[in-house]
Amino acid sequence: MLKVILKDTHILPLSSPKHEWLKIGIPKGIKGWVAKKHVKIYMPKPLSVFKVKPASMPFTSLLEASISRYMEEMYLQKRLKPVDKLFIVVKDLTTESYVVSIRSRQSVKSASTIKVPILHAFMIQRFRGNIKEPSKYERQIEEMIRFSSNPSTNTIIKLLGGPKRIQDLLNETKLYKEVKLAEAIPEDGRTYQNKISAADLNQIFVNIWSNRVIGTEFNLENNMTASKIMLHLLKLPGHSWLIDRIKAGTCFSSNKTVSIWDKTGFVKGVNGNGGIVEIDTPHGRKAYSIVIFMERDKYHTIIGDATKWSERMAMHMRRISEMTYAFFSNRYESYNKCGRSLLNRFAKLALTSHLLHASL
13 MLKVILKDTH ILPLSSPKHE WLKIGIPKGI KGWVAKKHVK IYMPKPLSVF
63 KVKPASMPFT SLLEASISRY MEEMYLQKRL KPVDKLFIVV KDLTTESYVV
113 SIRSRQSVKS ASTIKVPILH AFMIQRFRGN IKEPSKYERQ IEEMIRFSSN
163 PSTNTIIKLL GGPKRIQDLL NETKLYKEVK LAEAIPEDGR TYQNKISAAD
213 LNQIFVNIWS NRVIGTEFNL ENNMTASKIM LHLLKLPGHS WLIDRIKAGT
263 CFSSNKTVSI WDKTGFVKGV NGNGGIVEID TPHGRKAYSI VIFMERDKYH
313 TIIGDATKWS ERMAMHMRRI SEMTYAFFSN RYESYNKCGR SLLNRFAKLA
363 LTSHLLHASL
């Protein structure tokens with residue numbers, strides 16, 4: 013039986029690499045034979061700078077230190093204004109450990125990322141049996157997440173009883189600490205009153221991935237069904253102009269073995285993207301959650317077209333995403349060149365700066 017293996021899929025050799033045909037196995041998958049000419053053989057080479065993190069270093073990880081150093085460099089080079097702040101959380105979903113947490117508990121303008129908590133509230137009410145004929149709203153739910161439709165979002169907000177009732181539902185979960193749903197989406201889409209934190213948005217993605225999204229009130233089967241529905245919605249392709257800042261436009265954007273489930277958000281003064289990234293490794297599929305916001309609190313100071321400001325922020329978000337991808341590729345011994353030099357450069361700068369200050 014023939015099976016097509018995607019380019020960049022990691023395989024394990026089960027026979028001598030000297031032969032023209034190799035017996036191979038896919039981690040936790042099939043076994044078979046492949047022509048040697050189609051295979052790139054490599055020995056994992058960890059980034060030397062990542063072998064040791066000084067215990068005294070005031071960072072969650074060297075990735076966090078690298079991202080912080082990257083931001084410092086962008087401010088120094090005037091490629092970013094000091095009023096444009098980064099808010100980010102990254103969590104390894106295999107080890108369930110945080111690797112980045114910068115301003116993670118500070119509230120930011122949520123823009124369309126608030127639609128994920130709204131979807132969460134809908135799923136809770138659906139499984140409580142409080143929504144009659146939930147299938148009637150499948151189109152609006154899909155449009156809300158897939159196409160970020162504001163009219164469809166407002167239909168769901170009204171169905172659930174309005175912003176205050178949804179806020180009460182979200183508070184009941186005890187999952188959110190900073191989320192604030194204060195208004196429906198205005199006709200022009202400019203919502204500034206709704207707020208969220210990177211940590212809050214990250215936690216909902218973590219709970220979706222771990223099949224406990226609607227909580228202990230419901231059994232495992234209901235939680236798994238709710239998670240499956242939400243993951244399906246978060247993976248659907250949207251409009252061509254709704255481009256994510258986690259994979260699209262990065263050096264790993266063409267890698268078909270990388271899966272992403274995400275939601276974007278933009279309004280003048282904030283550019284956000286949160287989701288789950290799953291990569292192929294010699295140890296099987298590995299996933300991490302990542303939530304990034306770039307915000308200028310006083311958005312009225314943005315001169316000219318806010319879209320141009322957003323595009324500049326998106327560029328930095330993508331570089332940070334590349335470093336994160338390189339970090340996890342390194343951690344799980346994947347063959348990868350994307351983001352490695354950038355990560356290595358800023359990790360070295362961060363370490364040098366730390367050691368210099370420590371010796372003074």
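Residue numbers for the sequence shown follow my numbering, so the first one is 13 and each next one is one higher.
The beta carbon of each residue, even a glycine, is placed where N, CA and C say it ideally should be.
For this session: Could you check what DSSP says for L114 in three-state terms: helix, strand or coil?
Result: Residue mapping note: residue 114 aligns to position 102 of the sequence shown, counting from 1. According to the sequence displayed, residue 114 carries Ile and not Leu. Taken through DSSP and simplified to helix, strand or coil, I114 comes out as strand.
For this session: Indicate the three-state DSSP secondary structure (helix, strand or coil) for N410 in the structure shown.
Result: Given that the chain is displayed from residue 13 to residue 372, the structure contains no residue 410 and the question cannot be resolved.
Exercise. According to the neighbour-count rule (16 or more other Cβ atoms, all chains shown, within 10 Å of its Cβ), is L24 buried or exposed?
Worked result: As a working note, residue 24 is residue 12 in the sequence shown. That one is exposed.
For this session: Sort out for me which residues DSSP pairs I304 with in a bridge.
Result: As a first step, residue 304 is located in the sequence shown; it is residue number 292 there, counting from the start. For I304, which the question treats as bridged, DSSP gives the partners I100, N285.
Problem set entry | Residues bridged to L24 (per DSSP) | Here residue 24 is taken as the residue at index 12 of the sequence shown, counted from 1. G37, per the DSSP bridge assignment.
Problem set entry | Q179 and E195 closer than 8 angstroms at C-beta | As a position in the sequence shown, residue 179 is number 167, starting the count at 1. As a position in the sequence shown, residue 195 is number 183, starting the count at 1. Cβ atoms of Q179 and E195: not closer than 8 angstroms.
Exercise. Are the Cβ atoms of I258 and S161 separated by less than 8 angstroms?
Worked result: Walking along the sequence shown from the start, residue 258 turns up at place 246. Walking along the sequence shown from the start, residue 161 turns up at place 149. The answer is no: Cβ separation not under 8 angstroms.
Exercise. Straight-line CA distance for L172 to K192?
Worked result: To locate residue 172, count along the sequence shown from 1; it is residue 160. To locate residue 192, count along the sequence shown from 1; it is residue 180. Approximately 16 angstroms, taken between the alpha carbons.
Exercise. Going straight from the alpha carbon of L248 to that of I302, what length do you get?
Worked result: For the purposes of this step, residue 248 is taken as the residue at position 236 of the sequence shown. For the purposes of this step, residue 302 is taken as the residue at position 290 of the sequence shown. So the two alpha carbons sit approximately 18 angstroms from each other.
Problem set entry | Under the three-state DSSP convention, the category R297 falls into | Start at 1 with the first residue of the sequence shown, and residue 297 comes out as number 285. Note: R297 maps to strand in three-state DSSP.
For this session: Write down the C-beta distance between V111 and L75 rounded to the nearest angstrom, noting that I regard them as a contact closer than 8 angstroms.
Result: Stepping through the sequence shown from its first residue, residue 111 is reached at position 99. Stepping through the sequence shown from its first residue, residue 75 is reached at position 63. Yes, V111 and L75 are in contact; Cβ-Cβ is about 5 angstroms, under 8 angstroms.
Exercise. Just the Cα atoms here: how many angstroms apart are S371 and V46?
Worked result: Here residue 371 refers to the residue found at position 359 when the sequence shown is read from its first residue. Here residue 46 refers to the residue found at position 34 when the sequence shown is read from its first residue. For S371, the pLDDT reaches just 39, beneath the cut-off of 50, and the residue's location in the model is therefore unreliable, although a value from the coordinates is still provided. Going from the Cα of S371 to the Cα of V46 covers about 54 angstroms.
For this session: Ignore the nearest five residues each way along the sequence and tell me which others in F71's own chain have a CB closer than 6 angstroms to its CB.
Result: Start at 1 with the first residue of the sequence shown, and residue 71 comes out as number 59. Closer than 6 angstroms at the Cβ level, and outside the excluded window around F71, lie A77.
For this session: Could you pull out every unbroken alpha helix (DSSP H) segment of at least 4 residues lying fully inside the stretch 192 to 271, listed in chain order?
Result: Fully enclosed alpha helix (DSSP H) runs of 4 or longer: 210 to 221, 232 to 247.
Exercise. Which whole-angstrom value describes the C-beta separation of I157 and I168, a residue pair presumed to lie in contact below a C-beta threshold of 8 angstroms?
Worked result: Counting from one through the sequence shown, the residue named residue 157 turns up at place 145. Counting from one through the sequence shown, the residue named residue 168 turns up at place 156. About 10 angstroms; that fails the 8 angstroms criterion.
Exercise. How many Å lie between A123 and L18 at the Cα?
Worked result: The sequence position of residue 123 within the sequence shown is 111, counting from 1. The sequence position of residue 18 within the sequence shown is 6, counting from 1. The alpha-carbon atoms of A123 and L18 are separated by roughly 36 angstroms.
For this session: With DSSP as the reference, label D317 as helix, strand or coil.
Result: Sequence index remark: in the sequence shown, residue 317 carries index 305 (1-based). Coil, per DSSP.
For this session: With a 10 Å radius around its C-beta and 16 neighbouring C-beta atoms as the bar for buried, classify I53 as buried or exposed.
Result: One-based indexing of the sequence shown puts residue 53 at position 41. Looking at its Cβ environment, which holds fewer than 16 other Cβ atoms inside 10 Å, I53 is exposed.
Exercise. DSSP on E4, reduced to helix/strand/coil?
Worked result: The shown model of the chain, from 13 to 372, leaves out residue 4, and the question about it has no answer.
Problem set entry | Candidates L14, M135, P29, G41: closest to R297 by CA position | Numbered from its first residue, the sequence shown carries residue 297 at position 285. Checked all of L14, M135, P29, G41; the closest Cα to R297 is G41.
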